[in-house]
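Input: a single structure, listed below in structure tokens.
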Amino acid sequence: MPQTLQLTNPMDMHLHLREGELLESVLPFTTQAFSAAVVMPNLKTPITTTTQALAYKKQILSLCSSPFEPLMSIFLTPELDKQELILAKEAGIKILKLYPKGATTGSEGGVKDILCEKTLQVFAIAEELGFILSIHGESNGFCMEREYEFLPVFAYIAQHFPHLRIIIEHMSDRRSLEMIEKYENLYATLTLHHITMNLDDVCGGMLNPHHFCKPMLKTRKDQQALLQAALKAHPKVSFGSDSAPHLASAKLSSKGAAGIFSAPILLPALTEVFESHNTLDSLQAFVSDRAITNYGLEHFPTKSITLERVQNSVPAYIDTPLGHIIPLRAQSNLSWRIKKN
Ligand code: DOR
Ligand code: ZN
11 MPQTLQLTNP
21 MDMHLHLREG
31 ELLESVLPFT
41 TQAFSAAVVM
51 PNLKTPITTT
61 TQALAYKKQI
71 LSLCSSPFEP
81 LMSIFLTPEL
91 DKQELILAKE
101 AGIKILKLYP
111 KGATTGSEGG
121 VKDILCEKTL
131 QVFAIAEELG
141 FILSIHGESN
151 GFCMEREYEF
161 LPVFAYIAQH
171 FPHLRIIIEH
181 MSDRRSLEMI
191 EKYENLYATL
201 TLHHITMNLD
211 DVCGGMLNPH
221 HFCKPMLKTR
231 KDQQALLQAA
241 LKAHPKVSFG
251 SDSAPHLASA
261 KLSSKGAAGI
271 FSAPILLPAL
281 TEVFESHNTL
291 DSLQAFVSDR
301 AITNYGLEHF
311 PTKSITLERV
321 QNSVPAYIDT
331 PLGHIIPLRA
341 QSNLSWRIKK
351 N
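With our numbering as the guide, the letters of the sequence shown map in order to residues 11 to 351.
Put into structure tokens, the structure is as follows:
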């Protein structure tokens with residue numbers, strides 16, 4: 011049994027860092043483990059321009075205690091014009107994030123009619139300039155079928171913009187796997203929670219609001235199929251945690267916020283999962299190599315992360331100046347931890 015494991019340049023391709031005091035509190039969990047992360051733009055005031063993205067990036071970098079590359083994304087609106095996209099490109103921004111209006115936290119300013127002429131024009135410019143289009147792919151139908159119902163939209167965009175790289179973010183439905191096989195320019199990210207949990211973990215026993223997220227955790231079959239894709243480090247799938255911190259008070263209120271805060275446990279928990287399936291050899295590809303290839307990443311600090319086999323327990327909560335956040339697997343044991351340098 012190995013006692014240590016080395017990972018080079020872990021990448022988290024889908025991360026919510028929030029802003030202000032929450033940002034300060036959650037950022038270190040990512041910077042101690044990852045070389046780079048794609049930072050989601052769904053802040054209270056969404057990041058819709060290059061100027062906003064660069065200011066947010068500066069704020070993040072000013073709070074980093076170790077080398078880290080925040081890969082900024084821009085919240086796609088039908089109003090995004092070519093000039094703005096050229097500016098973004100010149101600033102090194104590669105990713106546009108599309109939220110269907112109202113689909114999840116912070117998506118009120120998202121796109122209502124995704125295939126309308128204006129949005130298609132944005133896709134055409136994005137394709138021309140070489141952006142990556144990351145999509146929260148959910149319809150507004152029955153919550154367990156939302157990703158499946160959205161698949162025709164992915165198919166349409168993939169077919170009409172064959173040189174546009176499109177990402178099915180936080181893939182949650184096993185039927186989405188067929189889509190990334192079918193369309194060359196369609197890729198996906200996978201979270202820790204969608205490969206290790208299913209709807210039973212939300213409401214199979216007592217209701218667990220800390221496992222409530224969008225897209226919803228699905229069936230055991232979905233979980234198993236997605237897990238297999240992760241374990242074999244599917245070439246078109248990158249790791250993206252979708253770690254999404256909310257104050258416990260917001261999760262537990264009558265308007266229960268969607269989002270799972272997994273940043274404090276990601277690499278140890280993934281190591282456990284891969285080890286328990288005898289696939290530790292593909293963990294490096296899943297948490298790093300696939301992202302570097304699929305997103306054409308070039309600039310990020312080189313990090314070598316050592317995991318050591320030491321029993322440790324996940325804290326009950328993370329304290330922030332605004333209140334507590336409950337991490338995924340709070341108070342449970344992990345058999346690996348990140349070795350401090
Ligand atoms: O569960 C989620 N929480 N899904 C998302 O798409 C957004 C995220 C958040 O920002 O809290
Ligand atoms: Zn997200």
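Here a beta-carbon is modelled for each residue, glycine too, at the ideal position from N, C-alpha and C.
Self-check item: Reference Q13, options A340, T316, G333, closest by Cα
Solution: T316
Exercise. Taking 8 Å as the cut-off, decide whether the C-beta atoms of H180 and I270 are in contact.
Key: no
Quiz item: So the beta strand (DSSP E) Y197 belongs to, where does it begin and stop?
Solution: 196-200
Practice problem: Note down, in chain order, each residue of its chain lying with its Cβ closer than 6 Å to the Cβ of A301, except the 5 sequence neighbours on either side. | Solution: So the qualifying residues of the chain are M21, M23, S248.
Quiz prompt | Proximity below 8 Å, CB of V212 to CB of L236 | solution = No, Cβ-Cβ distance for V212 and L236 is not below 8 Å.
Practice problem: Return the residue from the list L293, H256, Y166, T40 that minimises the CA-CA distance to L332. | Solution: H256
Self-check item: Check: A268 C-beta below 7 Å from any heavy atom of the ligand DOR
Solution: It does: the Cβ of A268 is within 7 Å (strictly closer) of some heavy atom of the ligand DOR.
Self-check item: Whole-angstrom C-beta distance between F171 and F141, which should lie under 8 Å
Solution: So it is not a contact: roughly 10 Å between Cβ atoms.
Quiz item: Quick one: is the Cβ of A198 within less than 7 Å of any heavy atom of the ligand ZN?
Solution: Taking 7 Å as the cut-off, the C-beta of A198 does not count as close to any heavy atom of the ligand ZN.
Practice problem: Would you give the residue range spanned by the beta strand (DSSP E) that M181 belongs to? | Solution: Careful: M181 lies outside any beta strand (DSSP E) and carries neither H nor E.
Quiz item: Nearest to Y158 by CA position, among C126, H173, D232, is which residue?
Solution: D232
Quiz item: Is it true that the CB of S314 sits closer than 8 Å to the CB of Q341?
Solution: no
Quiz item: Below 8 Å between beta carbons: does that hold for L209 and A279?
Solution: no
Quiz item: Out of curiosity, what's the CA-to-CA distance linking I124 and S144?
Solution: 13 Å
Quiz item: Is there at least one non-hydrogen atom of the ligand DOR closer than 7 Å to the beta-carbon of T115?
Solution: True, at least one ligand heavy atom lies under 7 Å from that Cβ.
Self-check item: Option nearest K111 by Cα separation, candidates L37, A98, T129, I176
Solution: T129
Quiz item: Three or more beta-carbon pairs under 8 Å between the region 105-120 and the region 69-79, yes or no?
Solution: Too few Cβ pairs lie closer than 8 Å, so no.
Quiz prompt | Any alpha helix (DSSP H) of 4 or more consecutive residues that is wholly inside the region 73-159 | solution = 92-100, 127-139
Exercise. Would you tell me roughly how many angstroms separate the C-alpha atoms of E79 and F85, rounded to the nearest one?
Key: Between the alpha carbons of E79 and F85 lies a gap of roughly 19 Å.
Quiz prompt | Cβ-Cβ separation, M50 to L81 (assumed contact under 8 Å), whole Å | solution = Rounded, the Cβ-Cβ distance is 10 Å, inconsistent with contact.
Quiz item: Heavy atom of the ligand ZN less than 7 Å from the Cβ of M189, yes or no?
Solution: no
Quiz prompt | Presumed contact (8 Å Cβ cut-off) between A46 and L307, rounded CB distance | solution = 7 Å
Quiz item: Leaving out the 5 sequence neighbours to the left and right, which residues in its chain are closer than 7 Å to T229 when beta-carbon positions are compared?
Solution: N208, L209
Practice problem: Give every residue of the same chain whose Cβ lies closer than 8 Å to the Cβ of V121, excluding the five residues on either side of it in the sequence, and list them in chain order. | Solution: L86, T87, P88, L108, Y109, P110, K111, T129
Quiz item: What is the rounded straight-line gap between the Cα of E194 and the Cα of E100?
Solution: 27 Å
Quiz item: Considering only the beta carbon of each residue, do A98 and I348 sit closer than 8 Å?
Solution: Cβ distance not < 8 Å, so A98 and I348 don't count as in contact.
Quiz item: Cβ-heavy atom distance between A254 and the ligand ZN below 7 Å?
Solution: yes
Quiz item: Is it the case that the Cβ atoms of F284 and L338 are separated by a distance below 8 Å?
Solution: No, these two residues do not count as a Cβ contact at 8 Å.
Quiz prompt | Outcome for S263 when other beta-carbon atoms lying within 10 angstroms are tallied against a minimum of 16 | solution = exposed
Quiz prompt | heavy atom of the ligand ZN below 7 Å from M21 C-beta | solution = Relative to the ligand ZN, even the nearest heavy atom lies 7 Å or more away from the CB of M21.
Practice problem: With a 10 Å radius around its C-beta and 16 neighbouring C-beta atoms as the bar for buried, classify F152 as buried or exposed. | Solution: Exposed.
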